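Same order as they appear, the protein sequences are chains A and B. Going by our numbering, the letters in the first sequence line up with residues 89 to 322, in that order. Going by our numbering, the letters in the second sequence line up with residues 89 to 322, in that order. C-beta: ideal position from N, C-alpha, C; glycine also. Here the structure is a predicted model, which means the values were calculated and not measured. Please read the structure below before turning to the comments.
There are 2 protein chains.
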Amino acid sequence: MADCIHCENLNCLIKKNSKDPKIEDFLKNKHTIKCKKSQQFIMEGTPAHGLFFAYKGKVKVAKTGINDREQIVRFAKDGEIIGHRGGFGSSKYYSISAQALEDTTLCYFSKDDLKNILLTIPSLTFDFMLFYADELSESETRVRKLAQMSVRERVIDTLLYMDKKFGSTDQLLNVLLSRKDYADYSGTTEEQVIRILSTLKKEGLVNAKGRKLGILNHEALREEISKHTFSMTR
Amino acid sequence: MADCIHCENLNCLIKKNSKDPKIEDFLKNKHTIKCKKSQQFIMEGTPAHGLFFAYKGKVKVAKTGINDREQIVRFAKDGEIIGHRGGFGSSKYYSISAQALEDTTLCYFSKDDLKNILLTIPSLTFDFMLFYADELSESETRVRKLAQMSVRERVIDTLLYMDKKFGSTDQLLNVLLSRKDYADYSGTTEEQVIRILSTLKKEGLVNAKGRKLGILNHEALREEISKHTFSMTR
DNA sequence: TGTAGAAACTGCGTAAAAGCAGGTTTGCTA
DNA sequence: TAGCAAACCTGCTTTTACGCAGTTTCTACA
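Here it is in C-alpha cells:
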C-alpha cells in the first residue's frame with residue numbers, strides 16, 4: 089500500500105501538501121492500484137470518476153487517432169498526475185487513454201474527494217493550477233514543434249526528451265519503447281523513425297543494443313535542433 | 089474604464105467570482121489598457137509581471153518559430169485570459185506573444201495581487217485550475233490534429249474553429265485574418281492555404297468577399313474531417 | 001478617384017514524407 | 001535451444017507538401 093507519509097515522490101502535489109492536517113481524512117480514501125506492463129487503465133471517452141498519480145513506474149498517455157495511429161501526448165513517471173481533469177472539469181469523460189509501460193503502482197482519488205479537498209486547501213489548488221499551466225505551456229511548445237520541425241528534428245527532439253525524462257545508464261535510455269511508440273510521439277510513421285534512427289546510428293550520434301536506444305552525442309543532437317529551441321522551454 | 093461590476097463578460101473568471109467580498113480590494117488594483125489594431129502587448133521571453141483579460145476585442149496568441157514563421161497557439165475574445173501563467177508559475181517569462189487583431193481593451197492584474205487573491209478565494213483558484221485543464225485538453229487535441237491531419241484537413245478544421253469561436257454574419261466570418269495567419273494556425277505555409285482555399289471555393293464549400301472568408305457548407309466540411317473528430321472535444 | 005504598396009493568387013519544379021512489400025533480427029516460450 | 005511471432009529494417013514508388021517567381025486583386029490614402 090502506497091503511503092503518502094512515507095512516500096519519496098517529493099514532486100507529488102499531494103505529498104507536498106500532506107502536512108496540512110485537513111488532508112488526513114482525504115488520504116484515507118486513497119486507493120492503490122497495481123498495473124501490469126502494457127495494461128491500459130484509462131480509456132479515452134469513458135466516464136471519468138477520478139484521477140491517478142504514478143506512485144512507481146512509467147506510463148504513456150495518448151489520444152486516439154485514425155487507423156491504428158495514436159498520438160502519444162506525454163509520458164508520466166513517479167509522482168506525476170495522470171487523467172487530467174479526472175471528471176471534475178466541464179467534461180465528464182477522460183480525454184486521453186493511459187497505458188503502463190512497465191509494472192506500475194498507481195494512487196487513485198475520486199473526483200468528489202478531490203474536489204472537496206481542493207476547495208478546502210488553497211495552496212493545493214494553487215499547486216494544481218500551476219501544474220496544469222506548466223503542462224499547457226509545454227503542450228503549446230509541442231504544437232509549435234510538430235508544426236515546424238522536420239521529421240528528423242522531431243525524432244531527435246523525442247530522443248532528447250526521453251533522456252531528460254527518464255535518464256540514461258551506460259549510454260542507454262532508461263525506458264524501452266517500440267519504434268511505433270517513438271513514431272506516435274514524434275508525429276510520424278514507424279518506417280520513418282526506423283530510417284532516421286538508422287542514419288543517426290551511421291553518423292555515430294545514437295547507440296543501439298538490441299531494442300534499447302542510447303544517445304552517444306548529446307551536444308550534436310541538441311545543436312541540430314537549437315534553431316527551434318532558443319530561449320524556450322525545453 | 090472597464091468595471092467588473094457592470095462587465096457583461098459572464099464567462100470571465102473574475103466576473104464569476106466578483107460577488108466574494110474579499111475581491112473588492114483586489115479589483116481596485118486592476119488596470120485597463122487600450123490596444124490599437126496590430127499592437128503587440130506581450131512579447132515572448134520578456135519578464136512576466138502579470139496577466140491579461142480581453143475585455144473587448146480579439147487577440148492572437150503565438151509562439152515564435154524560425155524564419156518569419158510563428159505558430160499561432162490560440163485566439164482570445166471577450167472575457168478570456170491572455171498571458172497564461174503570467175509570472176506566478178515556475179517561469180518568470182512569458183512563454184507566448186500576444187497581438188491585438190482589432191482595437192482591443194484589456195484588463196490587467198499584477199502577479200502579486202493575483203497570487204494573493206488566488207490563495208484567498210479557493211473557488212477562484214479552482215476555476216482557474218479548470219480553465220487551464222480545459223485549455224490543456226484542447227491543446228493536446230491540437231497536437232494530435234497537427235500530427236495526423238493532412239494540410240487540407242487542417243485548413244478546414246481552422247475555418248470551422250474560426251466560425252465556432254467568432255461566429256459568422258451573412259455567411260462571412262466575424263474575424264479578418266491574413267492568409268499567413270491561417271497558415272500559422274494550421275501549421276503550413278501561406279501558399280498552401282491559398283491553394284486549398286482556392287479549391288474549396290471552386291467546390292462551392294467556401295465563400296470569399298474581398299479578403300473576408302465565409303463558410304457555405306458547414307456540413308460537408310465537418311463531414312470531411314469527421315474521421316478525426318469522433319467522440320472527441322472539438 | 002487614381003495610385004502605390006500590400007495581400008492574395010497561380011504554375012512549375014523540387015524536396016520531404018508516407019506507403020508498400022518483402023526480408024532480417026530479436027527475444028520469448030515450450 | 002528450437003521455433004515462432006513480434007519487432008525491426010530496407011529499397012522502391014507514390015503522394016503530399018513546400019518554395020520560388022511572376023501576376024493579379026484589393027485596399028488605404030492622397
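For residue i and residue j, what's the separation of their Cα atoms in angstroms?
i: Q128 of chain B; j: E279 of chain B; result: 25 Å
i: L115 of chain B; j: I102 of chain A; result: 31 Å
i: K118 of chain A; j: Y181 of chain A; result: 21 Å
i: S211 of chain A; j: K146 of chain A; result: 27 Å
i: V161 of chain A; j: I121 of chain A; result: 23 Å
i: T152 of chain B; j: G133 of chain A; result: 33 Å
i: T317 of chain B; j: L224 of chain A; result: 21 Å
i: D110 of chain B; j: E96 of chain B; result: The residue asked about is misnamed: residue 110 of chain B is Lys in this sequence, not Asp. Distance between the alpha carbons of K110 of chain B and E96 of chain B: 21 Å.
i: K104 of chain A; j: L98 of chain A; result: 6 Å
i: G177 of chain B; j: A221 of chain A; result: 8 Å
i: Y196 of chain A; j: E112 of chain A; result: 15 Å
i: L206 of chain A; j: D108 of chain A; result: 12 Å
i: T321 of chain A; j: S183 of chain A; result: Here the model assigns T321 of chain A a pLDDT of 48, short of 50, so the residue's position is not dependable and the matter cannot be decided.
i: S238 of chain A; j: S314 of chain B; result: 27 Å
i: S198 of chain B; j: I93 of chain B; result: 19 Å
i: A136 of chain A; j: G292 of chain A; result: 46 Å
i: V281 of chain A; j: V294 of chain A; result: 13 Å
i: R240 of chain B; j: D269 of chain B; result: 15 Å
i: R173 of chain B; j: G298 of chain A; result: 43 Å
i: D355 of chain A; j: I209 of chain A; result: The shown model of chain A, from 89 to 322, leaves out residue 355 of chain A, and the question about it has no answer.
i: T276 of chain A; j: K203 of chain B; result: 41 Å
i: L265 of chain B; j: F219 of chain B; result: 26 Å
i: R310 of chain B; j: E311 of chain A; result: 41 Å
i: M131 of chain B; j: R157 of chain A; result: 36 Å
i: C123 of chain A; j: C100 of chain A; result: 19 Å
State the start and end residues of the unbroken beta strand (DSSP E) segment that holds residue i.
i: T213 of chain A; result: That residue, T213 of chain A, is in no beta strand (DSSP E); its alpha helix (DSSP H) goes P210 to Q236.
i: T193 of chain A; result: T192 to S198
i: K110 of chain A; result: Careful: K110 of chain A lies outside any beta strand (DSSP E) and carries neither H nor E.
i: K297 of chain B; result: V294 to K297
i: F176 of chain A; result: Unbroken run through F176 of chain A: none, as it is neither H nor E.
i: L301 of chain B; result: K300 to I303
Below 8 Å on the Cβ atoms is my contact criterion, and I expect residue i with residue j to pass it. Report the Cβ-Cβ distance as a whole number of Å.
i: R242 of chain B; j: K233 of chain B; result: 7 Å
i: K125 of chain B; j: D191 of chain B; result: 6 Å
i: T193 of chain B; j: A90 of chain B; result: 6 Å
i: Q236 of chain A; j: Q236 of chain B; result: In fact, because the Cβ distance is near 16 Å, the residues do not count as touching under 8 Å.
Within the continuous alpha helix (DSSP H) that includes residue i, where are the two ends?
i: F140 of chain A; result: F140 of chain A -> not in any alpha helix (DSSP H); beta strand (DSSP E) instead, spanning G138 to K144.
i: T317 of chain A; result: Counting along the chain, T317 of chain A falls outside any alpha helix (DSSP H), and DSSP gives it neither H nor E.
i: V263 of chain B; result: Counting along the chain, V263 of chain B falls outside any alpha helix (DSSP H), and DSSP gives it neither H nor E.
i: E158 of chain A; result: Where E158 of chain A is concerned, there is no enclosing alpha helix (DSSP H), although the beta strand (DSSP E) it sits in stretches over E158 to A164.
i: K118 of chain A; result: Taken as a continuous stretch (DSSP letters only), K118 of chain A belongs to no alpha helix (DSSP H), as it is neither H nor E.
i: S185 of chain A; result: That residue, S185 of chain A, is in no alpha helix (DSSP H); its beta strand (DSSP E) goes S185 to A188.
i: K103 of chain A; result: L101 to K104
i: Q127 of chain A; result: Neither: Q127 of chain A is in no alpha helix (DSSP H) and is coded neither H nor E.
i: T152 of chain A; result: Segment V147 to T152 is the beta strand (DSSP E) holding T152 of chain A; no alpha helix (DSSP H) there.
i: L98 of chain A; result: Here L98 of chain A belongs to no alpha helix (DSSP H), and DSSP marks it neither H nor E.
i: E278 of chain A; result: E278 to K290
i: E241 of chain B; result: V239 to F254
Would you say residue i touches the ligand NAD, meaning its beta carbon is less than 6 Å from a heavy atom?
i: G177 of chain B; result: Inclusion of the ligand NAD in the displayed structure is not the case, the ligand content being empty and no account of it being possible.
* Of the residues that make up the stretch 146 to 162 of chain B, which ones have a beta carbon closer than 7 Å to any beta carbon in chain A? -> K151, G153, I154, R157, Q159 and V161
* Asked: Can you list, in chain order, the residues of the stretch 172 to 184 of chain A whose Cβ is nearer than 8 Å to any Cβ on chain B?
  -> H172, R173, F176, G177, S178, S179, S183 and I184
* Just by C-beta distance, which residues in the stretch 213 to 228 of chain B are closer than 7 Å to chain A? -> Here the close residues are T213, F214, F216, M217, L218, Y220, A221, D222, E223, L224, S225, S227 and E228.
* To do: Spell out a yes or no on whether the stretch 164 to 172 of chain B and the stretch 135 to 151 of chain B are touching, meaning 3 or more CB-CB pairs, one atom from each, closer than 8 Å.
  => yes
* To do: Assess, as a yes-or-no matter, whether the stretch 145 to 159 of chain A is touched by the stretch 181 to 190 of chain A under the definition of 3 or more beta carbon pairs within less than 8 Å.
  => yes
* Asked: How do the stretch 215 to 235 of chain A and the stretch 287 to 301 of chain A stand: do at least 3 beta-carbon pairs fall below 8 Å, yes or no?
  -> no
* Please determine if the stretch 298 to 309 of chain A and the stretch 244 to 252 of chain A are in contact, where contact requires at least 3 C-beta pairs separated by less than 8 Å. => Touching, yes.
* Using a Cβ-Cβ cut-off of less than 8 Å, list which residues of the stretch 302 to 318 of chain A approach chain B; keep chain order. => K315 and H316
* To do: Please list the residues of the stretch 183 to 211 of chain A that have a C-beta atom closer than 9 Å to any C-beta atom in chain B, keeping them in chain order.
  => S183, I184, K203, L206, L207, T208, I209, P210 and S211
* To do: Using a Cβ-Cβ cut-off of less than 8 Å, give me the residues of the stretch 235 to 260 of chain A that come near chain B, in sequence order.
  => Within the stretch 235 to 260 of chain A, the residues whose Cβ lies closer than 8 Å to some Cβ of chain B are A235 and Q236, listed in chain order.
* When you check each C-beta in the stretch 119 to 142 of chain B against every C-beta of chain A, which residues fall closer than 7 Å? -> G133
* Asked: Taking three-plus beta-carbon pairs below 8 Å as touching, is the stretch 258 to 271 of chain B in contact with the stretch 295 to 303 of chain B?
  -> A contact between stretches requires three or more CB pairs, one per stretch, nearer than 8 Å, and the stretch 258 to 271 of chain B meets this requirement with the stretch 295 to 303 of chain B.
* To do: Please list the residues of the stretch 280 to 296 of chain B that have a C-beta atom closer than 8 Å to any C-beta atom in chain A, keeping them in chain order.
  => none
* Residues within the stretch 259 to 279 of chain A neighbouring chain B, beta-carbon criterion of under 7 Å -> G275
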